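Enquirer: Here it is, the structure in full.
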Ligand SMILES: NC(=O)c1ccc[n+]([C@@H]2O[C@H](COP(=O)([O-])OP(=O)(O)OC[C@H]3O[C@@H](n4cnc5c(N)ncnc54)[C@H](OP(=O)(O)O)[C@@H]3O)[C@@H](O)[C@H]2O)c1
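Residue numbers (our numbering): 16 to 322.
This is the structure we're talking about:
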C-alpha cells in the first residue's frame, strides 16, 4: 500500500506517522505523481508544532506534511495536456508531498524536471527556489552593490547568495565556522553570525558600504544592516514576522512563478548553481529527518526518499 506521512495532533515531530492509504486518483486537470524525493522546510516544523501557526497556513488535522516533491507522472486526469505519462517533474504540493503519491493540478506549482538534476535536488527546489529568486529580485541587485545575506549555507540562503553573486554584487554571507570554506568556494565572503555582526562586516569591507541585505534567519541581520547604513527599503526578510514594521520588505516565495523556478532548475542542471544535499532519509524515518532540520544547521537541504 502507498505510504503517506501525516500528523493527527500538534506538538512535535513525534506525532508524525507513516500511514498506508489507497492510491489517490487524479481528477480532471490533475496529475498523479509517484514521488521519488521530497525536501523538508522549516514551515513544516512550524505547522506540526503549533496549532496557531498551522492555522495561519491553512492546516487542519489530520494533515499531511512536506511541500516539495520530485517524481514521475503516473496517471493523467481527464483533459491534461501539459504533461505526459512517465515524465519526470518537480513541484510543490502544500502539506502533502511526503508520500509515495501526490496529486497536483497540471496548472499548479509543477514543472518538468531537467534531466541532469537528481531527484533529491529537484525534490528540494520548490519552496527555497521560488523564495531565493523572489528575495533577490526584491532588492534589485547590481554590480556596485555589497549585500549581506544571512544563513547563507541554508536552503534559501545558499541559492539567494549564489544568485546575488551572479548579479555581480559583492556578497557577504553569515554562517557557522564549518560552512565558511564552503561559502568561499561559491564566491561568497563568509562572516560569523552572532553578537558584533556589524563590526565584523565592517572589518571585511574596509571603506566600502553595505548597500542591501537579505535576511533568512532573524532580527539580527536587519539590525546589523541598519547599523551598517543599509537603506531599509533595500532590506528584505523572510524570517522576521512583520519585518515590514521596520520598513523592510517581506517578499517571499509567492512572488515567483513556475517560469522562475524552471530557470533556476536549468541553472542547477547546468552546474551554474549548487543546492547541497545535507542528508537523505528513507520515508520511514521522516521524523528523524525533521530532527536534523530542527537542529538548525543544515547545509542546503534535508531530503526524504521513497525508495
Ligand atoms: N516567506 C517565505 O516565502 C519563506 C520561504 C522559505 C523559508 N522561509 C523562512 O526562512 C527561514 C530560512 O529557511 P531555510 O529553508 O533557508 O532554513 P534552513 O535551511 O533550515 O536554514 C539553516 C541555516 O540557518 C543557519 N543558522 C542557524 N543559526 C543561525 C543564526 N543564529 N544566525 C544566522 N544563521 C543561522 C545555519 O547556518 P550554519 O549551519 O552555518 O550554522 C543553516 O545553514 C525560515 O525561517 C523559513 O521558515 C520563508
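Cβ atoms here follow ideal geometry from the backbone N, Cα and C, with glycine treated the same way. Keep in mind that this is a model prediction, so the values were computed, not measured.
#1: Can you check the stretch 226 to 280 for any beta strand (DSSP E) of at least 3 residues that lies completely inside it and give the ranges in chain order?
#2: Identify which residue in 170, 200 and 122 has its Cα closest to the Cα of residue 290.
#3: Which one or two residues does DSSP pair with residue 294 in a beta bridge?
#4: Among residues of its own chain, excluding the 5 on either side of residue 31, which ones have a beta-carbon nearer than 8 Å to its beta-carbon?
#5: Report all residues from its chain with a CB closer than 6 Å to the CB of residue 128; omit the five preceding and five following residues, and keep chain order.
#6: Please report the distance separating the alpha-carbon of residue 162 from that of residue 191.
#7: So, with DSSP's three-state summary, where would you put residue 132?
#8: With distance defined between alpha-carbon atoms, name the residue in 247, 206 and 57 nearest to residue 254.
#9: Using alpha carbons as the reference points, say which of 43, 314, 114 and 97 lies closest to residue 174.
#10: With a threshold of 6 Å on Cβ separation, who are the neighbours of residue 125 within its own chain once the five nearest residues in sequence on each side are excluded?
#11: Kindly list the residues whose CB is nearer than 6 Å to the CB of residue 27, restricted to its own chain and excluding five residues on each side of it in sequence; keep chain order.
#12: Can you confirm whether the stretch 130 to 149 touches the stretch 262 to 278 when touching is taken to mean that 3 or more C-beta pairs between the two stretches lie within less than 8 Å?
#13: Can you tell me whether residue 260 is buried or exposed? The criterion is at least 16 other CB atoms within 10 Å of its CB, across all chains shown.
#14: By how many angstroms is the C-alpha of residue 181 removed from the C-alpha of residue 242?
#15: Below 8 Å on the Cβ atoms is my guess for residue 15 versus residue 47; work out the distance and round it to an integer in Å.
#16: If we count the other Cβ atoms within 10 Å of its Cβ and call it buried at 16 or more, is residue 75 buried or exposed?
#17: Judging by CA-CA distance, which residue of 88, 321, 283 and 111 is the nearest neighbour of residue 393?
#18: State the beta-bridge partners of residue 83 as determined by DSSP.
#19: Taking 7 Å as the line, does the beta carbon of residue 58 fall inside it for any heavy atom of ligand 1?
#20: Extract the residue ranges of the beta strand (DSSP E) inside the stretch 177 to 203, only unbroken runs of 3 or more that lie entirely within it.
#21: Using only the heavy atoms of ligand 1, determine whether one of them is closer than 7 Å to the beta carbon of residue 267.
#22: According to the neighbour-count rule (16 or more other Cβ atoms, all chains shown, within 10 Å of its Cβ), is residue 197 buried or exposed?
#23: For residue 225 versus residue 204, is the C-beta spacing smaller than 8 Å?
#24: Can you give the Cα-Cα distance for residue 41 and residue 92, rounded to whole angstroms?
#25: Please name the residue in 50, 208 and 39 whose C-alpha comes closest to that of residue 113.
#26: Mind reading off the beta-carbon distance from residue 101 to residue 117? Whole number of angstroms is fine, and I expect it under 8 Å.
#27: Comparing alpha-carbon positions, which option in 133, 130 and 231 lies nearest residue 165?
#28: Residues in the same chain with beta-carbon distance under 8 Å from residue 194, minus the five sequence neighbours each way, listed in chain order, please.
#29: Thinking just about the alpha-carbon of each residue, which of 53, 134 and 77 is nearest to the one in residue 284?
#30: Less than 7 Å separating the Cβ of residue 153 from some heavy atom of ligand 1?
#31: Determine the direct distance from the alpha carbon of residue 17 to that of residue 287, and round the result to whole angstroms.
#32: In chain order, what residues of the same chain have a beta carbon less than 7 Å from the beta carbon of residue 245, not counting five sequence neighbours either side?
Expert: Checking against the coordinates, here is how it stands:
#1: 227 to 230 and 250 to 252
#2: 170
#3: 317
#4: 20, 21, 22, 63, 80, 301, 302 and 305
#5: 85, 103, 104, 105 and 137
#6: 18 Å
#7: coil
#8: 57
#9: 314
#10: 104, 106 and 119
#11: none
#12: yes
#13: exposed
#14: 26 Å
#15: The shown model of the chain, from 16 to 322, leaves out residue 15, and the question about it has no answer.
#16: exposed
#17: Outside the displayed span of the chain (16 to 322) sits residue 393, for which this structure offers no information.
#18: 107
#19: yes
#20: 185 to 189
#21: yes
#22: buried
#23: no
#24: 5 Å
#25: 50
#26: Contact doesn't hold; Cβ gap of about 16 Å is too wide.
#27: 231
#28: 167, 168, 205 and 314
#29: 134
#30: no
#31: 36 Å
#32: 225, 226, 227 and 228
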